Amino acid sequence: MTAKLGFREGTVSGIVFAVVLFGLISVDPRVHDRMSDLFMTGGITPWGDRLGELGSALWIAARTQSIDNAPMLVFVTVGAVLTVFMLRS
94 MTAKLGFREG TVSGIVFAVV LFGLISVDPR VHDRMSDLFM TGGITPWGDR
144 LGELGSALWI AARTQSIDNA PMLVFVTVGA VLTVFMLRS
């Protein structure tokens, strides 16, 4: 029972962190371009290559945005973790 509860809390924390990180990197034009290339164009480039380019753009944007907005990212992460602990008790 406690293992299931711990897994659930860890999953919620991971989801909140991913949402915050996605919010930070979604404003990057490189990510927007790669996402539109992935779904809007019917080009001859294989899906794997387009997904690789999107992953690369996401990684670069995440690095850049997390370095630029590190205090906000830390603050929101700590806030999310504290909220999960508060809801647990």
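In terms of the numbering used here, the sequence shown is residues 94 to 182. Beta carbons are placed, not taken as given, at the ideal position from N, Cα and C, and that holds for glycine. In this text, all values refer to a predicted model and were calculated from it rather than measured experimentally.
query: Would you decide whether ALA163 is buried or exposed? Buried here means 16 or more other CB atoms lie within 10 Å of its CB.; result: exposed
query: Might you give, ordered along the chain, the residues of its own chain that have their beta carbon closer than 6 Å to the beta carbon of VAL169, omitting 5 neighbours on each side?; result: VAL113
query: Would you kindly report the start and end of the unbroken alpha helix (DSSP H) that includes VAL171?; result: 163-181
query: Quick one, which of ASP161, LEU131 and GLY107 has its alpha-carbon nearest SER149's?; result: LEU131
query: Quick check: the Cα distance between VAL177 and VAL109, rounded to an integer number of angstroms?; result: 10 Å
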